[in-house]
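Protein chains in written order, with my numbering: chain A, 211 to 544; chain B, -10 to 120.
Have a look at the structure below before the remarks.
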Amino acid sequence: MSFHSQALRLLIVEDNPGDYILIEDYLGEEVVRPAIVHATTFAQARESLSEPIAFDAILLDLSLPDNSGEALVNEIVQLAGPAPVIVLTGYANKGFSIRTLSLGVSDYLLKDELTASQLYKSIAYSMERKRIQLKLNESEENYRNLFHLSPLPMWVYDVETYRFLNVNEAAIKNYGYSREELLSMTIKDIRPPEDVPKLEEIVRTTISPGITYQGAIRHCNKKGEIRLVEIQSSAIEFEGKKARIILANDITERMNYLRAIEDKNQKLQEIAWIQSHVVRAPLARIMGLVEFIANQPATNPESAELLNYILTSANELDEVIRTIVMKTEQVENQ
Amino acid sequence: MSLKILIVDDDSVIILLHKEMVKRFISNDLLCFLNGKSTLDYLTEHVNEGDSFLIFLDINMPIMNGWQFLDAIQALPFSNMISVVMVTSSIDTKDRGKAKQYPQVIDFVEKPLSIKTCNQLKQLPQLAGLL
């Protein structure tokens, strides 16, 4: 019975030669040409585990001449990396063997009851379980990173106590509080006091799961500066508590920039109004006066020429004013 | 049936110029006012049956500006006997659009009133038979 296409690479840590031979025999029955490395001491085991080629599984006897019991289990589990550790033990050690499962050991086998198929089954199951566990860890790690390494500030808070349950790096950086400080605070502490009733209202109305909230609100950093923040929030369950996860985008700079542009537009319109109404009034007077004088019967030719120059200049100025007003009207209409 | 010309402007130089222009090219029968209020007072007190008016109206004036004046004359019983030419130094297109909403406004001209403008005004159908 063998469903492994590749040769299994196993480390057997066993100081009793009789036990070792038995295990080797059993393995030979079930596995085609297993690659077995045999260590009789903890020192040898450690050396084998430091080699770059990984083992598929480690079979570990609980009492070695240079290490034993919990200390041994801890050290081997640590060194094993992705390889599952299966403990081999006698009746006397059964109670402790069960406890080793919580130390990261994948399975335990009683030597006195060991059969070839049982051994093989334990190795195959342990390998598969370890593989799934590693995948799960990796997936959890990815999700943690999505939260912790997000460039936008994020946090999770408890909807009943308003306490921060978790905060990411960007939140720490943006608000100026340390992780420990934030985790001892509530989300009310990052609001201006006068905005707290509004916050309570938002939390109350979005408390049921599934409702996402979006909006621009005011936050307060550690320095006491008011920041304008765009919030997105969704309900989640976090460590058994009803919570919401928040994504906070600081839009203070953007809003300041917009306001500055609006102010400039306002001034531009005022300039247009001044050009159109105030500057042009005396100009209209000059143009009218020149035409009036030029049409007097007694005007001599020399004066008429000079008047014409004035009129040309006034017309040029009139064109300039018209251009300015037209341009500001275009800005206004955009 | 007589047509009276009223020139309404707070700028005395403009009044002087427009008075001469209107006298020479449109009509001798004219009066000048410095704001909308004095014009309105004149209209309510001195109007006779069969009189009609052509008003050269400035926009920006103290006491009662051109717009306020236009609003006020809507209530006059003889408002249909009044024709208004808006005369303004403003080249704001919004003012032009707003002026169109008043039925009495027959034209919108920019200062200064030129000979050419006066001649064009005389051709307006609304003034046919009055001059």
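Just so it is clear, CB atoms sit at the ideal spot from N, CA and C, and this is done for glycine as well.
Computed from a predicted model, the values in this text were never measured in an experiment.
For SER156(B) and THR538(A), I'd like the C-alpha separation in whole angstroms.
Here chain B covers residues -10 to 120 and nothing more, so residue 156(B) does not appear.
Only counting the same chain, and skipping five residues up and downstream in sequence, which positions put a Cβ closer than 6 Å to that of PHE213(A)?
Because the pLDDT of PHE213(A) is 47, which lies under 50, any placement of that residue in the model is unreliable, and the question is left without a value.
Counting only Cβ-Cβ distances shorter than 7 Å, please list the residues of the segment 473 to 504 of chain A near chain B, keeping chain order.
SER486, HIS487, ARG490, ALA491, ALA494, ARG495, MET497, GLY498, LEU499, GLU501 and PHE502
Do ASN355(A) and PHE448(A) have their C-beta atoms closer together than 8 Å?
no
C-alpha distance - PHE45(B) paired with LEU5(B), whole-angstrom precision:
13 Å
Applying the 10 Å Cβ sphere with the 16-neighbour rule, what's the burial state of VAL488(A)?
exposed
Can you pull the DSSP bridge partners for SER444(A)?
ILE455(A)
Whole angstroms is fine: what's the gap from GLN328(A)'s alpha carbon to PRO292(A)'s?
Looking at the two C-alpha atoms, the distance is approximately 22 Å.
Whose C-beta lies closer than 6 Å to the C-beta of THR416(A) among residues of the same chain, with five residues either side of it excluded?
Residues TYR423 of the same chain have their beta carbon placed closer than 6 Å to that of THR416(A), with the five preceding and five following residues left out of the count.
As a quick exercise: from VAL223(A), TYR230(A), PHE252(A) and MET364(A), pick the residue whose alpha carbon is nearest that of ASN277(A).
Relative to ASN277(A), the option among VAL223(A), TYR230(A), PHE252(A) and MET364(A) whose CA is nearest is PHE252(A).
Distance check for LEU270(A) and VAL223(A), CA to CA, integer angstroms please.
Cα to Cα, VAL223(A) sits roughly 5 Å from LEU270(A).
Output the distance between the C-alpha atoms of ILE542(A) and VAL74(B), rounded to the nearest integer angstrom.
For the sequence presented, residue 542(A) should be read as Glu rather than Ile. Going by the C-alpha atoms only, they are around 27 Å apart.
Assign LEU163(A) to one of three DSSP states: helix, strand, or coil.
Coverage of chain A is limited to positions 211 through 544, which leaves residue 163(A) absent and any answer about it impossible.
MET211(A) versus VAL241(A): straight-line alpha-carbon distance, rounded:
Since pLDDT at MET211(A) reaches only 40, below the 50 mark, its modelled position is unreliable, and the value read off the structure follows with that caveat. Each residue's Cα considered, the two are about 7 Å apart.
For LYS8(B), return the contacting residues in chain A, with the cut-off set at a CB-CB distance below 9 Å.
Under a criterion of Cβ atoms nearer than 9 Å, no residue of chain A is adjacent to LYS8(B); the nearest Cβ is some 10 Å distant.
Pick from PRO402(A), LYS331(A) and ASN303(A) that is closest to LYS433(A), judged by C-alpha positions
PRO402(A)
Got a sec: is the Cβ-Cβ distance from SER539(A) to anything in chain B below 8 Å?
In the sequence on display, residue 539(A) carries Glu and not Ser. At least one chain B Cβ lies under 8 Å of GLU539(A).
Residue from GLU38(B), ASP96(B), ASN54(B) and ILE104(B) whose Cα sits closest to the Cα of ASP0(B)
The residue from GLU38(B), ASP96(B), ASN54(B) and ILE104(B) with its alpha-carbon nearest to that of ASP0(B) is ASN54(B).
Under a three-way DSSP split, which group does THR250(A) fall into?
DSSP places THR250(A) outside both helix and strand once states are collapsed to three, so it counts as coil.
Does the beta-carbon distance from SER16(B) to ARG490(A) come in below 8 Å?
no
Strictly under 8 Å for the Cβ-Cβ distance: is ARG428(A) near chain B by that measure?
Chain B contact via Cβ: absent.
With a cut-off of 8 Å, does the C-beta of LYS100(B) fall near any C-beta of chain A?
yes
Which of helix, strand or coil does DSSP assign to THR33(B)?
Three-state result, THR33(B): helix.
Just verifying my parser: in three-state terms, what is the DSSP assignment at THR462(A)?
helix
Cross-chain neighbours of VAL535(A) in chain B, by beta carbon under 8 Å:
ILE80 and ASP81
Per-residue burial, GLU512(A) [other beta carbons within 10 Å of its own, 16 or more giving buried]
exposed
Just to confirm the assignment, what range does the beta strand (DSSP E) spanning GLY425(A) have?
423 to 430
Interface residues of the segment 8 to 22 of chain B facing chain A [CB-CB below 7 Å]:
For the segment 8 to 22 of chain B, the set of positions with a beta-carbon nearer than 7 Å to some beta-carbon of chain A reads GLU9 in chain order.
Could you tell me whether any Cβ in chain B is nearer than 8 Å to the Cβ of ARG373(A)?
no
Skipping 5 residues on each side, what residues in its chain have a beta carbon closer than 7 Å to that of ALA290(A)?
LEU259 and ILE268
With a threshold of 8 Å between beta-carbons, can ASN518(A) be considered close to chain B, or not?
no
Measure the C-alpha to C-alpha separation of ASN378(A) and PRO363(A) and round it to an integer number of angstroms.
Rounded to whole angstroms, ASN378(A) to PRO363(A) spans 6 Å at the Cα level.
Within chain B, partners of ARG532(A) - CB distance below 7 Å:
ILE80
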